[in-house]
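Remarks on the structure that follows.
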Amino acid sequence: MTNNQLTESGRLKHFLTIEGLKRDLLTDIMDHAEQFSSLSGRQVKKVPLLRGKTIMNLFFENSTRTRTTFELAAKRLSADVLNLNINTSATSKGESLLDTLHNLQAMHADMFVVRHNKSGAAEFIAQHVAPHVSVINAGDGCHAHPTQAMLDMFTIRRHKQHFPDLCVAIVGDVLHSRVARSQIQALATLGVGEVRIIGPQTLLPADSQTLGVHVYHDMEKGLKDVDVIITLRLQIERMQGALLPSPQEYYESYGLTEEKLKLAKPDAIVMHPGPINRGVEIASSIADGPQSVILEQVTHGIAVRMAVMSMVLGSQSEQQDDST
Amino acid sequence: MKLKISNGRVIDPANYIDDQLDVYIDNGLVLAVGKSPEAFIPDRVIDATDQIVCPGLVDISARLGEPSQQHTSSISSETRAAIKGGITTLCTPPDTDPIIDSPAAVELLEDRATKAGSANIYIIGALTQKLEGELLSEMLALKQAGCIGVSNGLSPIRNTLVLRRAMEYAATLDLTIFINAADPWLQSQGCIHEGMVSTRLGLGGIPEAAETIAIARDISLIEHSHVTAHFHNISSGKSAAMIKEAQERGLPITADVSPHHLHLSEHDIGNYDSLSHVIPPLRSTRDREQLQQSVREGVIGTISSHHHPLDNDAKLGPFADTTPGISGLETLLPLTLKLVDDEELSLQQAIASLTINPARVLGLDAGHLTVGSKADICIFNPESHCECLPEQFISAGKNSPFAGWHFRNEVSFTLLNGRVLYEREPNHLLSGHSN
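For the protein sequence lines, the chains are S and A, in the order given.
Residue numbers for the first sequence follow our numbering, beginning at 7 and rising by one.
Residue numbers for the second sequence follow our numbering, beginning at 618 and rising by one.
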């Protein structure tokens, strides 16, 4: 169903979602990222892999960190990068999303990195771009954020050796989280022993168990003996719409505190996709503490995005070879 | 013009007829079924050997896109699409632009319908002014202008007191009220059924309770006001169970369902297929089975296309940004009869759900072949095979999720008032002038 992101030979044509991808491919991404990761220690951090390629970052929704790491990743691969922050109100003014795309495509882009506030937008764009253009999903609505999930997997692999032995807890607003959806799929694909989601019923999706997770409403039970804790960002606008009474009450129940962290395994790592609301999802002392790998996640974001971009554009040249 | 439809299998559920019979038509009316009237010399004979002859279909809810939305569709194209689909009578809800809440709006639509000249069009008027759910429409004036019922269309009435008054007033005028049951708050956040697919795709969900809460409220008020009520487009099994319970208590309640809710489920949305974007949403496979069962049991007596023609742009975009709706006139008959092939319904039941049942709900003298009635007739070939190709629809809306489905039961003739308005392969099936 989602395999339109693969070429006929099973390589990445687009990178839209983790769903439907095989374990070998995810491992491949992490292995590539491992190689790129060693570059960052060097004086010259660039490699010429994507020289002459044009990558356009199309951000229909604001983001600083994700866009910056995509930009850095592309530059380190020697690609030409263009950042476009597209106000969605401008696209609604007569010019449709597709018109915008076709115009940019006419400038000979090789890849669009897309962030959009509607679920399915990256998929939609991938269906409508010219055959030689690849699309990477940098977050679509509440659906998927596959590069974030892969950098999280990469970070977990750096700290924990064997996925099947792990128990991973994802805490917070899973309902609105594209990160959580992609993480859950990636963890399942990599064969993680147990994935838990923890949160109040208002912030967990309907029929959550169909995602293959164990559902907890209680941190005490949910965090018991876990190896990895992923706290999700709580958007402050969730207080609107009667999903939660207050940030204080959320912190009381689901904020990660020193006390709650003790329930997890002693060597558990703490992750967060950022940006952090200190004192809402997580106590400052933990975010900055020894078990936190939050800044590592940011660093790994560059290597993982380099891996994905090079693999996707690598499959393009494979296709061109096939056609000659 | 005298017409004879010879040798077909006539199925007329209203008259308990299912037999190989000839139908004789004169002056736009059914003159006889079975025995030839004396000295009847037809001007034309339609050979219906191996075909089924039934009353022209009655579609209880179809949006025609008129009057102001001409860019999408016009009454002319949509009624021709209906005729091609074997539909001779259709009923349009009031939530058009302009809203049908005044006699002038009714006349405008009727004028267009008359000019279009094919298929009988009946109009359901607005229950409240501008469908805002606050002030009652002039229901008497609407009734006098020809409206056969009242409805608030797809805009639910939030204020329960207004709804109660509206029902009481409609009951006073003996007008049937047509209801699209939806709780506006529970529906507001979503675009698909809340369940495993909404969870997987990260799309806002519409819980089943959005429908059942509204139905529970409405049934209480129907019981209070004694209004005759019809629920449109039921999407969940629980709703059907509630309607069944109310019917068993003797309340004057009927209901319809769409072929897409009888054939598809949330899973057909697959990977954001906007053609399956429809309100109420496609629900679980269990709901689909329960809806089929409710049709079988007669709780839901009518199947309606809920036709909503849309141009291609309306379906282009990220799923939640696309317009809900399915173009259904040309697939109503084959999709309903597919349930017969799947052994979910008997053929008589399927035809009744498309003819006499909706006609009775609407209070129309239609949907039957009683001698002396208007000769609105559909003839279809149960052995024909065709592939559903929306780009070949006559309707301006090509928005169908059934592209590529294989159907039997293609319509071969549609007659309105004894006139052949549609015939497939005209030179092939006709025997011309003969005795």
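Heads up, the beta-carbon is just placed ideally off N, CA and C, and yes, glycines get one too.
Does the beta carbon of residue i come closer than 9 Å to any beta carbon on chain S?
i	result
A/P935	yes
A/G942	no
A/D938	yes
A/Q806	yes
A/D930	yes
A/H688	Bear in mind that the predicted position of A/H688 carries a pLDDT of just 49, short of 50, making it too unreliable to give a figure here.
If we define contact as Cβ-Cβ less than 9 Å, is residue i a contact residue for chain A?
i	result
S/I24	no
S/S125	yes
S/S102	yes
S/G280	no
S/A274	no
S/K99	Note that S/K99 scores 46 on pLDDT, short of 50, meaning its location in the model is unreliable and no value can be drawn from it.
S/G205	no
S/A150	yes
S/G178	no
S/G247	yes
Thinking C-alpha only, which one of the options is nearest residue i?
i	options	result
S/I35	S/L157, S/A293 and S/A270	S/L157
S/V232	S/C173, S/T74, S/S252 and S/S125	S/C173
S/K230	S/G197, S/I242 and S/E265	S/E265
S/L285	S/L269, S/E302 and S/S252	The amino acid occupying residue 285 of chain S in the given sequence is Gly; Leu does not appear at that position. When each option's Cα is compared against that of S/G285, the closest is S/S252.
S/N93	S/S84, S/D86, S/L103 and S/V87	S/L103
A/A736	A/L726, A/D676, A/A863 and A/T705	A/T705
S/P279	S/G307, S/H168 and S/R57	S/G307
S/L249	S/E226, S/T106, S/P211 and S/K227	S/P211
A/I830	A/P630, A/M859 and A/A846	A/M859
A/G682	A/I692, A/G673, A/N1016 and A/I658	A/I692
A/P659	A/Q668, A/T666 and A/L648	A/L648
A/A857	A/L820, A/R913 and A/L881	A/R913
A/D714	A/K760, A/L771 and A/E755	A/L771
S/E129	A/S815, A/S882, A/Y889 and A/A788	A/Y889
S/G16	S/Y256, S/L31, S/N63 and S/P170	S/L31
A/Q668	A/E1042, A/Y1039 and A/F1030	A/F1030
A/T777	A/I823, A/R834, A/L707 and A/L979	A/R834
A/V1101	A/A783, A/P926, A/E1040 and A/F848	Outside the displayed range of chain A (618 to 1052) lies residue 1101 of chain A, so it cannot be described from this structure.
S/G261	S/P272, S/H223 and S/E243	S/H223
A/N632	A/I839, A/T987 and A/S754	A/T987
A/P951	A/P935, A/C808 and A/H880	A/H880
Closer than 7 Å by beta-carbon distance: list the chain S residues that pair up with residue i, in chain order.
i	result
A/T816	P211, A212, D213, S214, T216 and L217
A/L892	The contacting residues do not exist; A/L892 stays about 13 Å from chain S at best.
A/M813	D213 and T216
A/G822	A212
Starting from residue i, find everything on chain A with Cβ-Cβ shorter than 7 Å and list it in chain order.
i	result
S/G147	G819
S/R187	G819
Using a C-beta to C-beta distance shorter than 9 Å, which residues of chain A count as neighbours of residue i?
i	result
S/H122	P935
S/R184	G819
Following the continuous alpha helix (DSSP H) through residue i, name the residue where it begins and the one where it ends.
i	result
A/D676	No alpha helix (DSSP H) contains A/D676, which is instead part of the beta strand (DSSP E) from L674 to D676.
A/S623	Taken as a continuous stretch (DSSP letters only), A/S623 belongs to no alpha helix (DSSP H), being part of the beta strand (DSSP E) at K619 to D629.
A/T1111	Nothing about residue 1111 of chain A can be read from this structure; chain A reaches only from 618 to 1052.
S/R286	According to the sequence displayed, residue 286 of chain S carries Val and not Arg. Segment: none, S/V286 is in no alpha helix (DSSP H) and carries neither H nor E.
S/A155	P152 to H165
A/Q668	Run containing A/Q668: none; DSSP gives neither H nor E here.
Please confirm whether any heavy atom of the ligand GDP lies closer than 8 Å to the CB of residue i.
i	result
S/E14	The ligand GDP is not among the ligands present in this structure, which contains no ligands whatsoever.
What residue range is occupied by the uninterrupted beta strand (DSSP E) comprising residue i?
i	result
A/E883	Careful: A/E883 lies outside any beta strand (DSSP E) and carries neither H nor E.
S/E200	E200 to I204
S/N63	T60 to F65
A/F1030	E1027 to L1033
A/I851	Careful: A/I851 lies outside any beta strand (DSSP E) and carries neither H nor E.
A/L998	Correcting the residue type first, residue 998 of chain A is Asn in the shown sequence and not Leu. Run containing A/N998: I994 to N998, per the beta strand (DSSP E) assignment.
A/R1036	R1036 to E1040
Give the residues of chain S in contact with residue i, contact being defined as C-beta atoms less than 9 Å apart.
i	result
A/G945	By Cβ distance, chain S contributes nothing, its closest Cβ being about 24 Å from A/G945, past 9 Å.
Within the region 728 to 808 of chain A, ranges of the beta strand (DSSP E) (whole runs, at least 3 residues): Runs found: 737 to 740 and 794 to 796.
Every unbroken alpha helix (DSSP H) within the region 83 to 135 of chain S, with a cutoff of 4 residues, ordered by chain: DSSP runs (the alpha helix (DSSP H)) wholly in the region 83 to 135 of chain S: 94 to 98, 103 to 111 and 127 to 134.
Whole runs of the alpha helix (DSSP H) within the region 891 to 963 of chain A, excluding any shorter than 4 residues: Counting whole runs of 4 or more residues, the region 891 to 963 of chain A contains the alpha helix (DSSP H) stretches 902 to 914 and 949 to 958.
Within the region 243 to 284 of chain S, ranges of the alpha helix (DSSP H) (whole runs, at least 4 residues): Runs of the alpha helix (DSSP H) inside the region 243 to 284 of chain S: 253 to 260 and 264 to 267.
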